[in-house]
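A.B. asks: Dropping a structure here in structure tokens format, bear with me for questions.
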Amino acid sequence: MKISGIITLMLLGVFGMSFLFPVNEERTPQSEDLKEIIRKAENRMEGESSIASMKITIVRPKYTRDMTLKAWTKGDDYSLMYIMTPSRDQGTTYLKRSKEIWYYLPSVERNIKMPPSMMSQSWMGTDMSNDDLVKRTSMANDFTHKLLGSETIDGHDCHKIQLIPKESADVIWGKIEIWVDKKLYNIMKQKSYDEDMELVNTMNASNVKMMGGEEIPTKMEIVPADKPNQKTVMTYLSIQFNVDIPDHYFTTQYMTKVKP
Amino acid sequence: MKFTRLSIFLFLLIWASVSDAQTDSTTVSDTTETKLPEPKKEKFEWFEFKGYLKFMQTLSFADLKNINVDNLIHNRLNFKFYIPKGGNFTLQLRNRIQFGGSVNFVPGYGEATVQYDGIAPFEFLWISNDSKGIILDSVAFVFSTVIDRLYYDYSNDKFQIRLGRQRVNWGINTTWNPNDIFNSYNIYDFDYEERQGADAVRLKFFPNYMSSFDLAYKFTGRWADDVFALKYLFNKASYDFQFLAGKFKQDVAMGFGWAGSIKTVGFKGEMTYFQPYQFDTLGNLSASVSLDYSWAKGVYLMGTYLFNSTGSNHPINPTLAQVQTIPNAKYLMPAKHNLMAMVSYQFSPIFFGALSTIYSFEINSFILFPSLTFSLKQNLDLDLIAQIYFQELPGDKFKNIGNGIFWRLKWSF
Chain A
8 MKISGIITLM LLGVFGMSFL FPVNEERTPQ SEDLKEIIRK AENRMEGESS
58 IASMKITIVR PKYTRDMTLK AWTKGDDYSL MYIMTPSRDQ GTTYLKRSKE
108 IWYYLPSVER NIKMPPSMMS QSWMGTDMSN DDLVKRTSMA NDFTHKLLGS
158 ETIDGHDCHK IQLIPKESAD VIWGKIEIWV DKKLYNIMKQ KSYDEDMELV
208 NTMNASNVKM MGGEEIPTKM EIVPADKPNQ KTVMTYLSIQ FNVDIPDHYF
258 TTQYMTKVKP
Chain B
160 MKFTRLSIFL FLLIWASVSD AQTDSTTVSD TTETKLPEPK KEKFEWFEFK
210 GYLKFMQTLS FADLKNINVD NLIHNRLNFK FYIPKGGNFT LQLRNRIQFG
260 GSVNFVPGYG EATVQYDGIA PFEFLWISND SKGIILDSVA FVFSTVIDRL
310 YYDYSNDKFQ IRLGRQRVNW GINTTWNPND IFNSYNIYDF DYEERQGADA
360 VRLKFFPNYM SSFDLAYKFT GRWADDVFAL KYLFNKASYD FQFLAGKFKQ
410 DVAMGFGWAG SIKTVGFKGE MTYFQPYQFD TLGNLSASVS LDYSWAKGVY
460 LMGTYLFNST GSNHPINPTL AQVQTIPNAK YLMPAKHNLM AMVSYQFSPI
510 FFGALSTIYS FEINSFILFP SLTFSLKQNL DLDLIAQIYF QELPGDKFKN
560 IGNGIFWRLK WSF
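Listed in order, the protein sequences are those of chains A and B.
First residue of the first sequence? That's 8 in the numbering used here, and the numbers climb one at a time after it.
First residue of the second sequence? That's 160 in the numbering used here, and the numbers climb one at a time after it.
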């Protein structure tokens, strides 16, 4: 037997041992595990598919503005969003298919294709970007991951993970830090940095409770880094997971005739 | 004088709502913490209703000594009725009450508000400002109703049929649309965003999820003015593409359009070639291309170029060419080469500003089009808009030839 064969056998033995007798329960997640954790966390609020209603409140020192919307998602690639209030924007619909986004304006009865640069733009004056909303980038696939440690957020023990975009990925962020609940896989906090590594905004999740058969945070606040007295609050009004949504919902034809 | 008083009253109303909006600040924390409403139970909603009420005042002048003031109270009502077994009816109408200089001094002004390119009798002039071309001194306003959408629609995931007065919108670009052959419009009439509908029959067929055949026939009552065409739309390599062919009035029309991007810059275009039946007459190519880009901080930039092959390449008198021609897909601007640039900025969630400029080469006309939009309350908006026109008239120098200043309140419901 050649030396290399012996080394291979030894390696197989070591891996086999570690598989049969884990070194300890609280072992540190490896890179592949991290990807799985992030995938679980990303799917947490969407499932295989979901239908959600939410309220978004823009809070400024002197005023607030509310909107409500309904969103359908299927897998990573498809989402559809319908604005219910305010009445000025009622019926405006956003469609995401893979990396392409369209919006439909009912008053002029036209579909408009969004330029990719508009992804980083604020969505309807909120502290969220279009990218935050339609989740064009995949945290699991478009980034490399590194575990930074553990922290407790809103009473939940979390992994703190750093995400750096892969060279090939078309991502608007320079870096993202997320805090993922170790038991429930909810993303409890997220800090997004621009390409100069300056903090852009912080998301804080709270009000974890049963909704749609899952324990999820039902409230999320997004605070821009340079304006700490402003925020955008997203509150889930209802959510259903793993609903059978027909594929034709996620098409430019259907977005002109959505009935919420 | 009553109108001046009305304007003052409306201004006071704005300030009242602004100060009201500011008192909202005390309730900021309350609104975000209020108990969530229980999700509604799913049931068949057979009726939808929405609309708006606008008041707009227009100041138009060539020099500051003679300012014409026009006022418009504009109400839009949109209804949609769903039929349980499938399909729906849509009814949308606009009621307008106009008063001021044009009503008092322009014969036929009332008639002009209900002029419509269609066969259905859906335009109603309740009160006119003249009788047989003579201005009636006893009438202080013009009151009209126009139904601009009234159609039945049935669709499933394979096909769609729509019958009645409807908007057939095939345009891709924001400003100039050579592919939008079913509509004629004026880009300066910003107050009518919905635009006129066409009395049409429309059939759509969807061979797969992201492609469609769209066949439409617009009836005008005169074969020579009817428009019908077939469009094929599909999505490939992150681009939307469309091809169209048909009859446009007395021309054969063939068109092509796309929407996609070059890296992160939006890249869209559309062109249509119009060939008159009389093949000895030269055809017309109408083509537009646009680029747009937005920065994270809320600045949006757009540039568009329009080519009109039979457009003028020398100074013209706008009273003849511009005013009498209603622009359509074949003839969108009087000049051969036209450029438009637009920059907009979201100052805050309740304050939006935009500046558009249009330059037409050779006829040497330049238009400035600034606008500001304030959200005063959740459903109340205030717009301040100006249109400033410069042009070189034949035998004269390049100068300011006219201006419009508009303020508008819009309550959406």
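For each residue, glycine too, the CB sits at the ideal point set by N, CA and C.
Please report the straight-line C-alpha distance between Y241 (chain B) and L250 (chain B), rounded to a whole angstrom.
C.D. replies: Their Cα atoms are separated by approximately 12 Å.
A.B. asks: Helix, strand or coil for H152 (chain A), going by three-state DSSP, please let me know.
C.D. replies: DSSP places H152 (chain A) in strand when its eight states are reduced to three.
A.B. asks: Taking the alpha-carbon of F387 (chain B) as reference, which of B:D399, B:N367 and B:L362 has the nearest alpha-carbon?
C.D. replies: Here the closest residue by C-alpha is B:L362.
A.B. asks: For K238 (chain A), which residues of its own chain have a beta-carbon under 7 Å away from its beta-carbon, when the five flanking residues on both sides are left out?
C.D. replies: Result list for K238 (chain A): V66, D134, E228, I229 and V230, in chain order.
A.B. asks: If you measure beta-carbon to beta-carbon, which residues of the segment 52 to 81 of chain A are closer than 8 Å to chain B?
C.D. replies: Answer set for the segment 52 to 81 of chain A: S60, K62, T64, I65, V66, R67, P68, K69, Y70, T71, R72 and D73.
A.B. asks: Give the DSSP-derived three-state secondary structure of L41 (chain A) in the structure shown.
C.D. replies: Helix, per DSSP.
A.B. asks: Going straight from the alpha carbon of D350 (chain B) to that of A78 (chain A), what length do you get?
C.D. replies: For D350 (chain B) and A78 (chain A), the distance between alpha carbons rounds to 31 Å.
A.B. asks: Could you work out which residues of chain A lie near P366 (chain B), taking near to mean beta carbons separated by less than 8 Å?
C.D. replies: Here the premise fails: no neighbours, minimum Cβ distance about 11 Å.
A.B. asks: Using a Cβ-Cβ cut-off of 8 Å, state whether F572 (chain B) counts as contacting chain A.
C.D. replies: So yes, F572 (chain B) belongs to the interface.
A.B. asks: Just confirm the distance between the C-beta atoms of T423 (chain B) and S124 (chain A), as a whole number of angstroms; I'd bet it's less than 8 Å.
C.D. replies: Yes, T423 (chain B) and S124 (chain A) are in contact; Cβ-Cβ is about 4 Å, under 8 Å.
A.B. asks: Considering just the uninterrupted stretch of the alpha helix (DSSP H) at E270 (chain B), what are its terminal residues?
C.D. replies: Start and end: Y268 to T272.
A.B. asks: Closer than 8 Å by C-beta to N367 (chain B): which residues in its own chain qualify, once you throw out the five before and the five after it? Chain order, please.
C.D. replies: None.
A.B. asks: What do you reckon, are the CB atoms on N538 (chain B) and R95 (chain A) nearer than 8 Å?
C.D. replies: Cβ distance < 8 Å, so N538 (chain B) and R95 (chain A) count as in contact.
A.B. asks: Between Y192 (chain A) and the rest of its own chain, which residues show a CB-CB distance below 8 Å, the 5 nearest in sequence each way excluded?
C.D. replies: Contacts found: I44, K47, A48 and R51.
A.B. asks: DSSP has W109 (chain A) in a bridge; who is on the other side?
C.D. replies: In the DSSP output, where bridge partners are listed per residue, W109 (chain A) has A:L102 and A:K120.
A.B. asks: Can you list the alpha helix (DSSP H) stretches of 4 or more residues lying completely in the segment 496 to 549 of chain B, in chain order?
C.D. replies: Entirely contained in the segment 496 to 549 of chain B, not one alpha helix (DSSP H) run reaches 4 residues.
A.B. asks: So, are the CB atoms of M413 (chain B) and Y436 (chain B) less than 8 Å apart?
C.D. replies: No. Outside cutoff.
A.B. asks: Nearest-angstrom Cα distance between P267 (chain A) and K62 (chain A)?
C.D. replies: So the two alpha carbons sit approximately 15 Å from each other.
A.B. asks: Taking the alpha-carbon positions, what's the Y243 (chain A) to N562 (chain B) distance?
C.D. replies: One C-alpha to the other measures close to 49 Å.
A.B. asks: Below 8 Å on the Cβ atoms is my contact criterion, and I expect I278 (chain B) with D358 (chain B) to pass it. Report the Cβ-Cβ distance as a whole number of Å.
C.D. replies: Confirmed, about 5 Å.
A.B. asks: Buried or exposed for W109 (chain A), please, with buried defined as at least 16 other CB atoms from any protein chain shown within 10 angstroms of its CB.
C.D. replies: Buried is the call here.
A.B. asks: I'd like to know if V128 (chain B) contacts chain A, where contact means its C-beta is closer than 8 Å to some C-beta of that chain.
C.D. replies: Absent from the model: residue 128 (chain B). The displayed extent of chain B is 160 to 572, so no value can be given.
A.B. asks: Could you list which residues in chain B have their beta carbon closer than 7 Å to that of H255 (chain A), in chain order?
C.D. replies: Those within 7 Å of H255 (chain A) in chain B are D316 and Y368.
A.B. asks: With 8 Å as the threshold, decide whether the Cβ of I320 (chain B) is near any Cβ in chain A.
C.D. replies: Not an interface residue.
A.B. asks: Does the pairing of the segment 288 to 307 of chain B with the segment 464 to 471 of chain B give three or more beta-carbon distances under 8 Å?
C.D. replies: The segment 288 to 307 of chain B, when compared against the segment 464 to 471 of chain B, does not touch it at the 8 Å Cβ threshold.
A.B. asks: Pop quiz: N237 (chain B) and G210 (chain B) are said to be a contact at Cβ under 8 Å. What is the actual Cβ separation, rounded to whole angstroms?
C.D. replies: Indeed, because the Cβ distance is near 6 Å, the residues count as touching under 8 Å.
A.B. asks: What did DSSP end up calling Y351 (chain B) once you bin it into helix, strand or coil?
C.D. replies: Of the three classes helix, strand and coil, the one that applies to Y351 (chain B) here is coil, per DSSP.
A.B. asks: Are the CB atoms of I526 (chain B) and A494 (chain B) nearer to each other than 8 Å?
C.D. replies: No, Cβ-Cβ distance for I526 (chain B) and A494 (chain B) is not below 8 Å.
A.B. asks: Determine whether the Cβ of S213 (chain A) lies closer than 8 Å to any Cβ atom of chain B.
C.D. replies: No, its Cβ sits nowhere closer than 8 Å to a Cβ of chain B.
A.B. asks: Ordered along the chain, which non-local residues of its own chain (more than five positions away) have a Cβ less than 6 Å from that of Y261 (chain A)?
C.D. replies: The residues are H255.
A.B. asks: Taking Cβ-Cβ distances shorter than 7 Å, what residues in chain A pair up with Q418 (chain B)?
C.D. replies: Rather than Gln, the amino acid found at residue 418 (chain B) in this sequence is Ala. In chain order: K120.
A.B. asks: Taking the straight line between their C-alpha atoms, what separation do you get for L41 (chain A) and V250 (chain A)?
C.D. replies: Going by the C-alpha atoms only, they are around 27 Å apart.
A.B. asks: Within 8 Å of any Cβ in chain B, is that where the Cβ of V115 (chain A) sits?
C.D. replies: Taking Cβ atoms only, chain B reaches closer than 8 Å to V115 (chain A), which makes this a yes.
A.B. asks: In the DSSP assignment, what are the bridge partners of R253 (chain B)?
C.D. replies: Note: R253 (chain B) sits in a beta bridge opposite B:R235 and B:V305.
A.B. asks: Can you pull the chain A residues whose beta carbon is under 7 Å from the beta carbon of W537 (chain B), in chain order?
C.D. replies: The residue you asked about is not Trp; residue 537 (chain B) is Gln in the sequence shown. Correct list: R72, D73 and P93.
A.B. asks: Consider the Cβ of V448 (chain B): report whether some Cβ of chain A lies at a distance smaller than 8 Å.
C.D. replies: Closer than 8 Å: no.
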